[in-house]
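Have a look at the structure below, then the notes.
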Amino acid sequence: MIVLLNNTLQAQTYEIGVMLGGINYIGDVGSTNYISPNELAIGGILKWNRSERHSFRASLLYSQLSADDADSDESRRQERGYYFDNSLLEGSLGLEFTFKEWSLHKYKPQFTPYLYSGITGFLSNEMGLSSNNEITKRKRKIDFAIPMVFGIKWSFATKFVFAAEIGARYTFTDNLDGSNPEEFDGGENLPSFGNLNTNDWYMFTGITVTYTFGRKPCYCNF
């Protein structure tokens with residue numbers, strides 16, 4: 001059994017690489033455009049290609065998260081004039097599904113669209129309106145989100161994979177922008193604003209470049 005487990009662990013294909021792109025926030029402050037990256041995002045990614053149609057995927061991403069009512073098309077937001085600047089450290093774990101069979105051992109260029117989802121945890125600042133009507137940082141907090149990602153990827157030079165993707169993160173918080181300070185301790189006396197019935201989103205639009213390694217896999221057991 002130990003020999004079988006050792007052979008199974010060795011007979012896999014892995015990818016490790018970098019993520020680079022832009023992030024934009026969607027909520028109660030700033031632009032209402034869904035895809036409008038305004039902050040640089042950078043991170044790392046690791047994949048375990050478990051079959052020709054799915055991979056386990058883990059990633060770590062860092063970015064600032066900001067929005068300005070001056071960038072909105074809504075006159076009400078422009079007149080209000082709110083602005084916030086938050087920081088975001090995101091870790092994500094889930095499954096990536098390809099539309100076509102994907103084998104890095106065919107030694108020829110390949111191309112396929114893919115979908116990714118799982119669970120995302122992120123560290124950011126709790127926000128709140130100050131006495132001078134400005135959105136300020138309060139304390140750090142871990143929240144969660146559901147990633148919904150669509151991308152396309154292709155292999156080249158037998159050892160590298162290039163991908164471009166657009167991914168929405170539906171968060172479990174409505175206070176990335178300070179609009180709902182009752183979510184955190186000590187925020188009960190701070191004013192709220194915007195639509196308190198919807199949570200915040202943010203989008204990542206970017207590319208990944210990964211290096212592949214590992215022996216030709218056996219997909220017979222899973």
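Under UniProt numbering, the sequence shown has 143 at position 143, and the numbering climbs by one with no breaks. Where is the CB? At the ideal position from N, CA and C, for every residue including glycine.
By DSSP, does aspartate 68 sit in helix, in strand, or in coil? For the purposes of this step, residue 68 is taken as the residue at position 68 of the sequence shown. The three-state secondary structure of aspartate 68, taken from DSSP, is strand.
Can you tell me whether glutamate 79 is buried or exposed? The criterion is at least 16 other CB atoms within 10 Å of its CB, across all chains shown. The count along the sequence shown starts at 1 and reaches residue 79 at position 79. It counts as exposed.
Using a 10 Å radius around the Cβ and a threshold of 16 neighbouring Cβ atoms, would you call aspartate 69 buried or exposed? Counted from its first residue, the sequence shown places residue 69 at position 69. The residue is buried, with at least 16 neighbouring Cβ atoms inside 10 Å.
Can you tell me whether phenylalanine 204 is buried or exposed, with buried defined as 16 or more other CB within 10 angstroms of its CB? The residue given as residue 204 occupies position 204 in the sequence shown. Around the beta carbon of phenylalanine 204, a 10 Å sphere encloses 16 or more other beta carbons of the protein chains shown; the residue is thus reported as buried.
Note down, in chain order, each residue of its chain lying with its Cβ closer than 6 Å to the Cβ of tyrosine 83, except the 5 sequence neighbours on either side. Your numbering for residue 83 matches position 83 in the sequence shown. Hits under 6 Å: Asp68.
Within 10 angstroms of its Cβ, does isoleucine 119 collect 16 or more other Cβ (buried), or is it exposed? On the sequence shown, position 119 is the one that residue 119 refers to. Looking at its Cβ environment, which holds fewer than 16 other Cβ atoms inside 10 Å, isoleucine 119 is exposed.
Measure the beta-carbon distance from leucine 20 to tyrosine 62 and round it to whole angstroms, keeping in mind my assumption that it falls under 8 Å. Sequence index remark: in the sequence shown, residue 20 carries index 20 (1-based). Sequence index remark: in the sequence shown, residue 62 carries index 62 (1-based). Not quite, the Cβ-Cβ distance comes to about 11 Å (not below 8 Å), so this is no contact.
Whether or not the region 32-44 and the region 140-153 are in contact is what I'm after, with contact meaning three or more pairs of Cβ atoms, one per stretch, closer than 8 Å; do they touch? The region 140-153 is not in contact with the region 32-44.
Report the residue ranges of all alpha helix (DSSP H) runs contained in full by the region 63-135; include only those spanning at least 4 residues, in chain order. Listed in chain order, the complete alpha helix (DSSP H) runs (minimum 4 residues) inside the region 63-135 are 75-80.
How long is the line joining the alpha carbons of valine 161 and asparagine 125, rounded to whole angstroms? The residue you call residue 161 lines up with position 161 of the sequence shown. The residue you call residue 125 lines up with position 125 of the sequence shown. Taking C-alpha positions only, valine 161 is separated from asparagine 125 by approximately 34 Å.
Nearest to methionine 127 (by Cα), restricted to the options Gly167, Leu115, Val29: Here residue 127 refers to the residue found at position 127 when the sequence shown is read from its first residue. Closest by alpha carbon: Val29.
Could you have a look at proline 37 and say whether DSSP puts it in helix, strand or coil? By one-based count along the sequence shown, residue 37 stands at place 37. In the displayed model, proline 37 falls within coil according to three-state DSSP, outside both helix and strand.
Closest to proline 191 by CA distance: which of Asp71, Phe156, Thr171, Ser179 is it? Here residue 191 refers to the residue found at position 191 when the sequence shown is read from its first residue. Checking every option, the nearest Cα to that of proline 191 belongs to Ser179.
Which value, in whole angstroms, describes the spacing of the CA atoms of threonine 198 and aspartate 174? The residue given as residue 198 occupies position 198 in the sequence shown. The residue given as residue 174 occupies position 174 in the sequence shown. For threonine 198 and aspartate 174, the distance between alpha carbons rounds to 7 Å.
Outcome for serine 155 when other beta-carbon atoms lying within 10 angstroms are tallied against a minimum of 16: Translated into positions along the sequence shown, residue 155 becomes position 155. Classified as buried, serine 155 has 16 or more neighbouring CB atoms from the shown chains inside 10 Å of its CB.
So the candidates are Arg76, Leu95, Asp73; which of them puts its Cα closest to the Cα of asparagine 49? Indexing the sequence shown from 1 puts residue 49 at position 49. Ranking Arg76, Leu95, Asp73 by Cα distance to asparagine 49 puts Leu95 first.
Could you tell me whether the Cβ atoms of threonine 208 and isoleucine 16 are closer together than 7 Å? Here residue 208 refers to the residue found at position 208 of the sequence shown. Here residue 16 refers to the residue found at position 16 of the sequence shown. At the C-beta level, threonine 208 and isoleucine 16 stay beyond 7 Å of one another.
DSSP bridge partner residues for arginine 57 (one or two, in chain order): The residue given as residue 57 occupies position 57 in the sequence shown. Note: arginine 57 is bridge-paired with Lys47, Gly94 in the DSSP secondary-structure output.
Roughly how far, in whole angstroms, is the beta-carbon of glycine 214 from the beta-carbon of threonine 13, given that I think they are within contact range, below 8 Å? Residue mapping note: residue 214 aligns to position 214 of the sequence shown, counting from 1. Residue mapping note: residue 13 aligns to position 13 of the sequence shown, counting from 1. So it is a contact: roughly 4 Å between Cβ atoms.
DSSP on glutamate 183, reduced to helix/strand/coil? On the sequence shown, residue 183 is found 183 positions in, with the first residue counted as 1. Shown here, glutamate 183 sits in a helix according to DSSP, grouped into three states.
For proline 147, name the three-state secondary structure that DSSP assigns. Reading the sequence shown from its first residue, position 147 is the one you call residue 147. In the three-state scheme derived from DSSP, where H, G and I count as helix and E and B as strand, proline 147 is classed as strand.
Kindly indicate which three-state DSSP category glutamate 165 falls into: helix, strand or coil? As a position in the sequence shown, residue 165 is number 165, starting the count at 1. Secondary structure at glutamate 165: strand, using DSSP grouped into helix, strand and coil.
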